[in-house]
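Under my numbering, the first residue of the sequence shown carries the number 561, and numbering increases by one thereafter.
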Amino acid sequence: MAPPSSAGAIASIAHIKNNTHPCWWRDSGLRKLNFCIAFIYLSSAMGGYDGALIGGLQSIPRWLTDLGSPDTQRYSLLIASQSIGGVAAFAVAPWLPDVLGRKWAIAIGDLILIAGAVGQTFVTDANGYMGTRLIIGFGGVISAVAAPSLGTELAHPRMFGRVASYYNCCYYAGAILAAWISFGTLNIASSWSWRLPTLFQAVPAFLQMCALPWFPESPRWLLRNGRGAEAERILLKYHANGAEQDDLVDFQIKEITQQIYADDQCQENGFSMFFKTAGMRKRLVVILFVGFFSQWAGNGIISYYFAPILNSVGVTSYTQTSGLYGGLAIWNACWAIAGASQVDRFGRRALWMASTCGMLVSYILVTALSATYSRTKNIQCGYAVIVFLFIFFAFYDIALTPLTVGYPAEILPTKARAKGLGITYLAVYVALVFNSYTNPIALEAISWKYYIVYVVILFGMTFVIYFLFPETRGKSLEQIAEIFDGPLDQIAPSPEPEKFKSEIEHREG
């Protein structure tokens, strides 16, 4: 049977007084906060730019020619190199946000990514391109692990679900930028046709790094590190418009410190914490599935090999291919935003299930139509494949785009959030390495028959999500923890643990 939602066991925060306007855009504090979060979420746009950049460059003839026209295996390695860098970043990415703070971790990731992007702009062969993609992947993952932790932990409780879900939607802001910059440089008669789109990869990271000094640190990280007064000032400024006292802010501080106390009952601070309790073990299983599913739902073939797929169904014009790729990026962004805006209305499980079922049906049709085109060369079948690729991505975007990061971020407790997101990204990048190296070889060898593998995976995804993924709609981060761990007052009996009492009672005007 499906997991319980635990809605009856968790109290609502709706009745708690709070000095903010119900509409965030009419509230000064929330406008400032959401502006900060938007810049923090440029980390997602960086990932989207890189993902779409490779697809866009495939339509630019000079790109592979200037890199020495690598064969299929070397081309696979060239694409996989960014993912390999992301896997390598797992050695430090989960630790930096906990040790240095969320903001410093983002800044370090940005610096590394900028260095990689600038270096990649001036490479002259495939080896240089692979090396700089490794650097970009390394820096990008450091930033991508820290950014959703900071954005989620800063969000107002009333907006938490949407803020967490919108993070990965920003992926398509970067994807749109990359796709259309590549389209715009398509006809430049020099190597700058691909070097300019490559250089622009550094722009989101540069903008984010310049803005970071003016943004607040995570109140939850500050409380965990003995800086309770600073955390309270941030919460009062952004969650209560600078009021001297606010009931909701008091409630949040009490709930956060109680959760920290509960987390500290487990003495483990490393990855072994994910094996200590039943709740943490379940979280580990869920976030691993989320990471792998995000890349093994069949989207990896389309995202990185869009041009070869179009060629296989009769679309061979560079201009047509590049234009369709740019249109797909815009289409994806619209559906991702639509899905993220409905997470609190329909709930996470409803979106997960609608997404997987829709993708399964779409992929079956893509497979059947591709097989028909391969046999008959009927151009109408080729066009139908393109239509159902777009429909597939609409279903992908309503859940897997907003929830791939948003869902792990909300089910993980503060102590484990950065490390848990690191595990999610490790699963994502391991899957990407596999996809990047295997997909082009498999597509060249067996063409449309390779799609059947992803039909089977999508079928399995449906059952895993139904039986393992709990509903989290309408709950704070600390309340979500109760779904996995049980009531906080049973884990941490003292409502104001002595260890943190001075931080809760301390006030600085």
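Built from N, CA and C at the ideal position, the CB exists for glycine as well. If you're wondering where the values come from, they're calculated on a predicted model, not measured in any experiment.
- Two segments are said to touch when three or more pairs of C-beta atoms, one from each, lie closer than 8 Å; by this definition the stretch 721-732 touches the stretch 892-907.
- When C-alpha distances from residue 929 are compared across 886, 945, 937, the shortest belongs to 945.
- For residue 770, the enclosing alpha helix (DSSP H) covers residues 762-771.
- A direct Cα-to-Cα measurement between residue 911 and residue 1002 gives close to 31 Å.
- Collapsing the DSSP output to three states places residue 1032 in coil.
- Approximately 5 Å separates the beta-carbon atoms of residue 650 and residue 986; this is inside 8 Å, confirming the contact.
- In this structure, the alpha-carbon of residue 642 lies about 9 Å from that of residue 992.
- Bounds of the alpha helix (DSSP H) holding residue 797 are 788-799.
- With distances taken between CA atoms, residue 884 lies nearest to 742 out of 742, 1040, 582, 577.
- Excluding the 5 residues flanking it on each side, residue 731 has same chain C-beta neighbours closer than 8 Å at 604, 605, 607, 608, 611, 896, 961, in chain order.
- Judged by pairs of C-beta atoms under 8 Å, the stretch 676-687 touches the stretch 758-767, as three or more such pairs exist.
- In the DSSP assignment, residue 757 falls within the alpha helix (DSSP H) that extends over 752-759.
- With 16 or more other Cβ atoms from the protein chains shown falling within 10 Å of its own Cβ, residue 954 counts as buried.
- Membership of residue 1006 in the alpha helix (DSSP H) is indicated by the continuous run 974-1006.
- Measuring C-alpha to C-alpha distances from residue 1016 to each of 714, 921, 999 identifies 921 as the nearest.
- In the three-state reduction of the DSSP assignment, residue 618 falls in the coil class, being assigned neither a helical nor a strand state.
- Counting along the chain, residue 855 sits inside the alpha helix (DSSP H) bounded by residues 838-855.
- Nearest in C-alpha terms to residue 799, of all of 720, 616, 835, is 720.
- Secondary structure note for residue 670: its alpha helix (DSSP H) is the uninterrupted segment 662-681.
- If you draw a straight line from the Cα of residue 854 to the Cα of residue 670, it is about 24 Å long.
- Taken through DSSP and simplified to helix, strand or coil, residue 900 comes out as helix.
- Our two residues, residue 996 and residue 802, have alpha carbons roughly 49 Å apart in a direct line.
- Every unbroken stretch of the alpha helix (DSSP H) spanning 4 or more residues and falling wholly within the stretch 568-602 is given here in chain order: 588-600.
- Within its own chain, the residues whose Cβ lies closer than 7 Å to the Cβ of residue 982, once the five positions on either side in sequence are excluded, are 650, 653, 654, 705, listed in chain order.
- In the three-state DSSP reduction, residue 892 falls in the helix class (H, G or I).
- Cβ neighbours of residue 690 within its own chain (closer than 8 Å, five residues either side excluded): 637, 638, 641.
- Between residue 577 and residue 808, the C-beta gap is smaller than 9 Å, which places the two residues in contact.
- Counting only residues of its own chain and dropping the five nearest sequence neighbours on each side, residue 892 has a CB closer than 6 Å to the CB of 732, 953, 957.
- For residue 706, the enclosing alpha helix (DSSP H) stretches over residues 686-714.
- Inter-segment contact for the stretch 709-719 and the stretch 767-781 is present: three or more beta-carbon pairs are separated by less than 8 Å.
- Between residue 832 and residue 934, the C-beta gap is not smaller than 9 Å, which leaves the two residues out of contact.
- Around the CB of residue 889, 16 or more other CB atoms lie within 10 Å, so the residue is classed as buried.
- Cβ contact annotation for residue 600 (same chain, cutoff 6 Å, sequence separation greater than five): 707, 710, 711, in chain order.
- Of all C-beta pairs linking the stretch 964-978 to the stretch 1025-1045, three or more are shorter than 8 Å, placing the two stretches in contact.
- The C-alpha of residue 674 is placed about 20 Å away from the C-alpha of residue 660.
- The C-beta of residue 588 has fewer than 16 other C-beta atoms within 10 Å across all chains shown, which makes the residue exposed.
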